[in-house]
Amino acid sequence: MKFLKILIFLFYFSIVHAKYHNNVFNEELVIKELNNNFVNTFFQFTTQWNYQTYNNDLLHTDFLSRSISELFLHYDIVELHITLSNGLWKTESWGFPIESAGSGGELYAWFKNHLSEDDIKKQWIELSEALSGLLCASFSFVEETNTINPEFSFRPTSSWNVPLNSSFLRYTALPREVVCTENLTPWKKLLPCDSQEGFVSLLNAQHIYSTNYHSLGIHVRHICIDQTCSNAILESKQTVNLVHDLKLFGGSEWSIRKLFGQGLNGVCAMSSSSKIFLDITDKDFEISPQPENVILSKRGGSESRYAEFDVRKLVQESKMINIAIINKKHKTIPITRPPPLFAKRFLLGTGKESGKIVNQITNSHYASLNIIILENIPWFVPIYLHTLKVKTRNGEIKPSSIKYIPGEQRKRPYYLEIALTIPSKTIIEISIDFDYIFLRWQEYPPDANHGQYIPAAIISAMLPMALNYTSAPIEASLYAESFNATRPSYFLRIHTEALLINLPTPDFSMPYNVICLACTVVALAFGPLHNMTCRILVLQKKDETKKSFLQRLKEKLFKKKEKSE
Amino acid sequence: MNKKLLYSLLISGAIRYFISISKYSRSIENHVEISTPLNSFKRLKEGVFLYDNGIDPYDGDIFHESPFILIAANFLLKNFGEFISLILIIIDLLSAVFIYYGSKSISKRNYERQQLEVSTYAKGTEEIQFSKSDIDNIPFICAFAYLFNPYSILNCVGQTTTVWSNFLLSVVIYSMSKNMKFICLLALAFETQKNFYPFVLIVPIALAFSENDKSKNLKRIITVVTFASIFGLLNYIAFTYMGNWKFLDSTFGFIIHCRDLTPNIGLFWYFFTEMFDHFRELFLYTFQLNTTILYLFPLTFTFKESPEFLLTILLSLVTIFSSYPCIGAIAFYMSLIPLWKRCSPFMSHNFIVIATFIVTSILGPTVYHLWMYANSANANFYFGVTLVFCTSQIFLLTDLCFAYLKRKFCLTNGVTFDKTMKLSLE
Amino acid sequence: MEIKSILKILLILILSPLLCHSSEIELPSKYVERAAQGHTNNWAVLVDTSRFWFNYRHVANVLSIYRSVKRLGIPDSQIILMVAEDMACNPRNPRPATVFNNMNQQINVYGNDVEVDYRGYEVTVENFVRLLTGRNHNGTARSKKLLTDSGSNVLIYLTGHGGEGFLKFQDSEEITSQELADAIEQMWQKQRYHELFFMIDTCQAASMYEKFYSPNILAVASSLVGEDSLSHHVDPAIGVYIIDRYTYYALEFLEKVEPNSKKTMAEFLSVCPKRVCISTVGVRRDLYPKDPSSVPITNFFGSVRPIEMTNQVVNISMSSIPDEKESEIVEKIAKGVTYSDLKIKFPEQFPSNIFK
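Chains as they are written, first to last, in my numbering: chain G, 1 to 565; chain E, 566 to 991; chain D, 992 to 1347.
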């Protein structure tokens, strides 16, 4: 039966392959030097697929991986975002990331509006189970206990025919998740090209996982073309965001071969464009080979220059492509200007009784900024809303709006969203008290003394200018569309650090002892009370044969002596 | 009001006030021995804050007080927020006053009862009989025991809602002794709504109210039914006020299922932390039965001639074995023990009990600090101390019961008997 | 739920012969015959039960076997890999994304193409027993299920810390030999394997297979009851033992095996004699009806891929696939038209209205 299946599949494939013109695939690589000898590389693989929603078209995929389109078919989702990251993006010195991600795994999805609350609940759990299998990640731990539906921080990025409110959104974060080759392998398999072809060939596990920050992303959304949404585009962006530490390569000069262990051996045959953009704004170095085109991007008051390499053309010249930075001049020392908004997150307090979660947010911009902070705090960290304080140096700020759903043990997390305005050039401190609680011994993870993670807070803001801002606008499918994309304002989302708290632990080896001891104490009450309620007091003759303890002991000892003699 | 009491009130009030304005009040407030999830001021404030902001406080995991406490606290915190500690001190002092007058009429009644039977008493038992002066002495000792007990002082400074409980319980005792039936049942219903366990006190109260009646059983049934209906009505009022029944699970469910395993001075927390999941329910219900109705009927039959003594014993039992005990509740039942001053000659474990109380009260916070802050001890240390503390309370309780029975025996059989004879249970 | 699903399975079992008859595709008779005698597919369940960095060697063990079975042809979809700790990307690993079998970095057993099905906290006794017996939760991903049948040869490899009659999972729970034997019996009752090769590398490993009572099991253990299984050597670069002796030599042996090799199971069972292993390798063959020296090693470590060549024309109708027109929009997009050119509207990303 199997061989027949293979035959059918081959036939099928050959026929379907003929209609790949419903698909566009693009590869992009953005390289940017960061301060302090770091290099940021950002890969984006975009697949756009025009399909008809009325027939079961989602099952007949070409470029887009069928595993992804099946998710959309089975779980009725409109859009899906997954990131798997490790390391910390240092916004303060590196500027804003092209795409921000919380540490560990982060997953959120918008469901279709015809689903009921219970359906969404079920579909969400099944979706995460499916993703855990698909990406070898522990998304099987996604439950009601760590899922929220944030009201303000997230809006659909799809162009869907019906507006979706937050009740169709599910968001979760698994800050403990490790990311390694086992995640990269299935991630690569979702791309139309083999892992040896095109930009993907640069993604070697050994080089990716020795970086300071790495993040894998999958973002899939729907774009409706007509009113009824019967004709739609399913757009999938697969991204990799890396920060390489140049100190590891011995010096400040670098090349693609140094960063990834090998040069670029060509392009993906399916791609309609394969481009590398190298940020050369205010940089004094030479590039080899010389870029044929330099893009000047004016966006929201800032100007940046990008060297553009069309790899499709370069491939014709040489087999192996390597872009190198040479003759770096150290004449100028860049003055780092921090981005307009950045945040730090830390814990305060000693001991394991109660503490304080603090988010310190800096607005270095000359105007006030509206921001929204989203906290997703696990059920085992009870927070006290009345202790929420937003402090500046000059006093307290009253938030414009607060959305809070208290958590419940073993049921749901604490969800808190605060909307507030930070005055210009101000550092604010948002603090909230929490208690450390004691769990049942079987609820602690095997490495209980490692501690438990609190997911990152998410800060969303609308920036009036694009200084340090590198994300593509919402309507862009390619990164290239962010050049010269001046808008009235720029939507920014950044993640803070995740926190690690050390809950007090019981002694895991004690259950039997504790059960016995506590029951003994209960019995201490039961015995006498039972005696005195069921019996009556009487005067009795003292039992003469009963001797005192000492006497008996003496007798025993002496007897033994006698015996031994 | 006599002068001694007045001075005691003033002095203990001043002690409470000065501690509460000192820098130690914050840390006292957060101590696990004083604040439990059920009575802590911090959680009360959170509940009020949520309620004020339109979030149902019973929806979350923080707030477990009864809706009436919520309403009262909402009113007080809003209007007298700065004076809250003063208000609590006054309530605590009032409790002492009620204890004073309650125990006064109880002593009086005890004396009257004794006068009816005194003809049957053996000779030479004057030492263990209630004397006339006891009617003045005992109430003062009781009130003094409440006012100057470090446990009740710390409880008051910690601003826990146990201050309210103690007030309600003192009203229960006062009105019971004065035969003010409705107030007594109402106060008990409020207290049951808050702490659940005190519902067992309806038995001694029913006994007390039916004492001089002809149709005793009918009277008792009427009392219990009245209590049940008042309690039901209160819950219904709370329901209409809150708009849903969630508070039932958040208060009674929370107490019965012992959902919060934060360390406290009771037996539940570590036991249910270490319990295997498949046995959890079994032990939970066994423990709750042990706390409430396991001893209720045997004790009732044994001590039915003195409802006040039964009340003392039941109250201490539910305090010791409740799922979230705190020292404030312990202070309350301890203040009732002097009522049975005449039993004291028969109490044999006094030294052990007092010594362990002192030692564990010092050792408890110490090992807790070592565990939570210094990281040099673990949960077992604290568990050990709480275990010993509970044991000493149980010793106190059983010792008191034995002493009561022995005294009763000796009153009729005389205090002196043959050296070869021994009092024992048969 | 349980009863329902059991009923469903029963229904399917009853109906399946009927369904098979009614289906149009008849399997070639030769193929069916061969399936009846031998196995038709291969599966591997590879489990590392140890967490923490100092148990690096257990991860190296399990990945060694993973590498071998994958190299010998079992596809990733038929390998269930359970690894309790991330060693490759552990911050303490000086060579990220690698796990080596020896200090000279001979073989990167982790490889560049690895799929871990259960990892970290997911490696629990419950999940392991659910996996074997097929009683997965609703909605479990396909790659996390052991979809074997009566024609499957299954390789089960376990490594971790064990004692007499138990194997620890992540230092917090354990599976006993009786539980394991019962799970395997359940597999047999449910026709979830044809033959089973059970390998275990842990202290007192032989105690884990002693309780087996189901047929067609060949079992090998790195040490007898009362013996410790020892590790091979320390890698000073990572500071911990890098691999266990038994698995080290088993990998050495398997590296020499090719997919078309004629090596037999008997040869594999004699891997790691006492002078190199220090512990005695225990073998249990009383449940296994065949002579291991006549069973090729690829019966368990390789994969069968029955392919039948045919010269006849196979008729397959393709009517179900819709004919589609070329998409104009995609053509436009390929030429550089953006969504904003197409006048597609997107929702506002920031709720500015909540700020007064």
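We treat Cβ as the ideally placed atom computed from N, Cα and C, and that holds for glycine.
Any chain G beta carbon closer than 8 Å to residue i
i	result
ALA1346 of chain D	Inspection of the sequence shows that residue 1346 of chain D is occupied by Phe rather than by Ala. With 8 Å as the cut-off, PHE1346 of chain D counts as an interface residue toward chain G.
MET840 of chain E	yes
LYS811 of chain E	no
TRP729 of chain E	no
GLY689 of chain E	no
VAL1050 of chain D	no
TRP834 of chain E	yes
VAL1100 of chain D	no
Burial state of residue i, where buried means 16 or more other Cβ atoms lie within 10 Å
i	result
THR228 of chain G	exposed
MET532 of chain G	buried
LEU174 of chain G	buried
CYS136 of chain G	buried
TRP810 of chain E	exposed
MET1300 of chain D	exposed
Integer Cβ distance of residue i from residue j, believed to fall under 8 Å
i	j	result
LEU653 of chain E	VAL728 of chain E	5 Å
THR362 of chain G	PHE380 of chain G	THR362 of chain G to PHE380 of chain G, Cβ: 30 Å. No contact.
ILE892 of chain E	LEU719 of chain E	6 Å
ASN322 of chain G	SER255 of chain G	5 Å
PHE43 of chain G	VAL240 of chain G	4 Å
GLY1142 of chain D	ASN1032 of chain D	6 Å
Alpha-carbon spacing of residue i relative to residue j, whole angstroms
i	j	result
LEU369 of chain G	TRP1044 of chain D	45 Å
ASP1140 of chain D	ARG1183 of chain D	4 Å
GLU28 of chain G	PRO97 of chain G	16 Å
GLN540 of chain G	LYS971 of chain E	14 Å
THR392 of chain G	PRO338 of chain G	19 Å
PHE798 of chain E	PHE792 of chain E	According to the sequence as given, residue 798 of chain E is Leu; it is not Phe. About 10 Å.
ILE767 of chain E	ARG591 of chain E	37 Å
LEU492 of chain G	GLY102 of chain G	14 Å
ALA1210 of chain D	GLU1176 of chain D	14 Å
LEU1037 of chain D	PHE614 of chain E	53 Å
GLY619 of chain E	GLU594 of chain E	27 Å
GLU250 of chain G	GLU33 of chain G	In the sequence on display, residue 250 of chain G carries Gly and not Glu. Going from the Cα of GLY250 of chain G to the Cα of GLU33 of chain G covers about 16 Å.
THR1388 of chain D	ASN502 of chain G	Residue 1388 of chain D falls outside the range modelled here, since chain D spans only 992 to 1347, and no answer is possible.
ARG221 of chain G	SER100 of chain G	17 Å
ALA448 of chain G	ILE820 of chain E	27 Å
MET937 of chain E	GLN724 of chain E	23 Å
HIS1012 of chain D	GLU839 of chain E	For HIS1012 of chain D, the predicted structure reports a pLDDT of 45, less than 50, and the residue's modelled location is therefore unreliable. A value from the coordinates is still provided. In a straight line, the C-alpha of HIS1012 of chain D is about 57 Å away from that of GLU839 of chain E.
LEU550 of chain G	LYS556 of chain G	10 Å
LEU107 of chain G	ALA498 of chain G	15 Å
Contact with chain E by residue i, beta-carbon distance below 8 Å
i	result
ALA18 of chain G	With a pLDDT of 38 at ALA18 of chain G, under the threshold of 50, the modelled position of that residue is not reliable, and no figure is offered here.
GLY351 of chain G	yes
Chain D contact for residue i (CB, 8 Å cutoff)
i	result
GLY133 of chain G	yes
TYR209 of chain G	yes
Which listed residue (the options) has its alpha carbon closest to that of residue i
i	options	result
ASP825 of chain E	E:THR931, E:VAL597 and E:LEU571	E:VAL597
ARG66 of chain G	G:SER167, G:GLY355 and G:PRO186	G:PRO186
LYS906 of chain E	E:SER730, E:ASP624, E:ALA942 and E:ILE703	E:ILE703
GLY1153 of chain D	D:ASN1092, D:PHE1189, D:ILE1233 and D:ASP1219	D:ASP1219
PRO378 of chain G	G:LYS389, G:LYS329, G:GLY451 and G:VAL390	G:GLY451
HIS74 of chain G	G:ARG410, G:SER482, G:SER431 and G:GLU129	G:GLU129
ILE430 of chain G	G:LYS237, G:ILE422 and G:PRO382	G:ILE422
PHE434 of chain G	G:GLU475, G:LEU388, G:THR470 and G:ALA324	G:LEU388
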